[in-house]
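Chemist:
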Amino acid sequence: MTQTTIAGHPVDVDPEGFLTDPGAWDRDIAAEIARDNGIPELTERHWQVVDFMRERYLRDGAAPSIRTLGKASGVPVKELYQLFPKGPAKLAAKIGGIPKPRGCI
Amino acid sequence: MPDDPITKVSIIISKGSLEGIYPGLILANGARMEGIEANVFFTFFGMDAIHRERHEHVKVAAVGNPGLHLATWVGGVPGMSSIVTHQLAKKMEELDIPPIPEFVELIADSGAGLYACQASVDMFGLTRADFIDQVEDVITVGEFYERAAGGQIIFT
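Residue numbers (the working numbering), protein chains in the order written: chain A, -4 to 100; chain B, 10 to 165.
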């Protein structure tokens, strides 16, 4: 765990840059993580996915699978990969300030 | 210095049982989830995973499968394959692992290329129309290697 500064906030991150405390997150932090990961601007559709990931994590204690993401977030799988080409579940979790999803699906 | 990350994989699925098909599908989906480019090449009985009529009926092999830890004669009892398959399917649903038809569609939607093997198609007397729409093409082994260029090949 290392401390870094994102969008002017001091935050703790894991070696891959995922926030270790979801409570330290805000939307400015999300925007900066997105820019650092190849998404210059978060659109309304990006936010729909990021918010869904975050809500599910805070509710269930685990990030949803790509299957659930495609079925329940309101954004279909094809579009998820257009929005987050480097991996929707992983990247939306990172931007949403929650731990990296651990599932295989 | 850290090793170079994997950026492309081509996965061959050659077996027609449930336990023969899932590992390749999980590898393909997992690759796409990591942002890794993926192709899936279905050959021999592995083509059941993309066969319109068969992909909903893929079963665990109950005979000759020491991994099940069943006496050989028990594995041969009529219906045993369906029972074992049903149990496993239930467990997989709990774990949010999709059934084969849905999983293949998910992988296609994720941008992976799905291909059937020309030699196997000829051998079994199949045509393009026997496969689900997500299959991009029926290709030869040479074309498979062309598409696999620059990446890793995984045989399952």
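Backbone N, C-alpha and C define an ideal beta-carbon position, used for all residues, glycine too. Source: prediction; values computed, not measured.
Can you list the residues of chain A that Asn48/B reaches, using a CB-CB cut of under 8 Å?
Modeler: Simply none; closest approach about 15 Å.
Chemist: Determine, using beta-carbon pairs with one atom in the region 40 to 60 of chain B and one in the region 86 to 104 of chain B, whether at least three such pairs fall under 8 Å.
Modeler: No, the region 40 to 60 of chain B does not touch the region 86 to 104 of chain B.
Chemist: Looking only at its own chain, which residues have a Cβ that is under 7 Å from the Cβ of Phe140/B, when we skip the five neighbours before and after it?
Modeler: The residues are Ile59, His60, Arg61 and Ala125.
Chemist: Would you decide whether His95/B is buried or exposed? Buried here means 16 or more other CB atoms lie within 10 Å of its CB.
Modeler: Under this definition His95/B is an exposed residue.
Chemist: Check the Cβ of Asp105/B against every Cβ in chain A and list those closer than 7 Å, keeping chain order.
Modeler: Near Asp105/B (Cβ distances below 7 Å), the residues of chain A are Ser60, Arg62, Thr63 and Ile100.
Chemist: With 8 Å set as the bound, which would you pick, yes or no: does the beta-carbon of Ala80/A sit closer than that to a beta-carbon of chain B?
Modeler: Here the sequence assigns Pro to residue 80/A, which means Ala is not the residue at that position. Closer than 8 Å: yes.
Chemist: Would you list the one or two residues that DSSP bridges to Val49/B?
Modeler: According to DSSP, Val49/B bridges with Ile20/B and Leu123/B.
Chemist: Just the Cα atoms here: how many angstroms apart are Ala26/A and Gly3/A?
Modeler: Between Ala26/A and Gly3/A, the C-alpha separation is close to 12 Å.
Chemist: Tell me, which residues are paired with His66/B by DSSP?
Modeler: According to DSSP, His66/B bridges with nothing at all.
Chemist: Should the region 82 to 96 of chain A be regarded as contacting the region 144 to 162 of chain B, the criterion being three or more beta carbon pairs within less than 8 Å?
Modeler: The region 82 to 96 of chain A is not in contact with the region 144 to 162 of chain B.
Chemist: At a CB-CB cut-off below 7 Å, which residues of chain A make contact with Gly44/B?
Modeler: Correct list: Pro80, Lys81 and Gly82.
Chemist: When you compare only the Cα positions, how much space is there between Asp31/A and Gly120/B?
Modeler: Roughly 23 Å between the two C-alpha positions.
Chemist: Output yes if chain B places a C-beta closer than 8 Å to the C-beta of Tyr52/A; else output no.
Modeler: Chain B, which has no Cβ nearer than 8 Å to the Cβ of Tyr52/A, makes this no.
Chemist: Taking contact to mean 3 or more Cβ pairs, one atom from each stretch, closer than 8 Å, check whether the region 35 to 43 of chain B and the region 72 to 85 of chain A are in contact.
Modeler: Verdict: yes, contact present.
Chemist: Can you give the Cα-Cα distance for Ser60/A and Ser26/B, rounded to whole angstroms?
Modeler: Whole-angstrom Cα-Cα distance: 25 Å.
Chemist: Determine the contact status of Gly84/B and Ala71/B, defining contact as a CB-CB distance below 8 Å.
Modeler: Yes, these two residues count as a Cβ contact at 8 Å.
Chemist: Give, in chain order, every unbroken run of the alpha helix (DSSP H) that is at least 4 residues long and sits entirely within the region -2 to 24 of chain A.
Modeler: Qualifying alpha helix (DSSP H) stretches: none in this window.
Chemist: What is the rounded straight-line gap between the Cα of Ala87/A and the Cα of Leu75/A?
Modeler: Cα to Cα, Ala87/A sits roughly 10 Å from Leu75/A.
Chemist: What residues of chain B sit near Lys101/A, judged by a beta carbon separation below 9 Å?
Modeler: This structure cannot settle anything about residue 101/A, because the visible part of chain A is limited to -4 through 100.
Chemist: Starting from Val147/B, follow its DSSP beta bridges and name the residues at the other end.
Modeler: Val147/B pairs with Ala125/B.
Chemist: Below 8 Å, how does it come out for the region 35 to 52 of chain A and the region 29 to 37 of chain B: are there three or more Cβ pairs, yes or no?
Modeler: No, the region 35 to 52 of chain A does not touch the region 29 to 37 of chain B.
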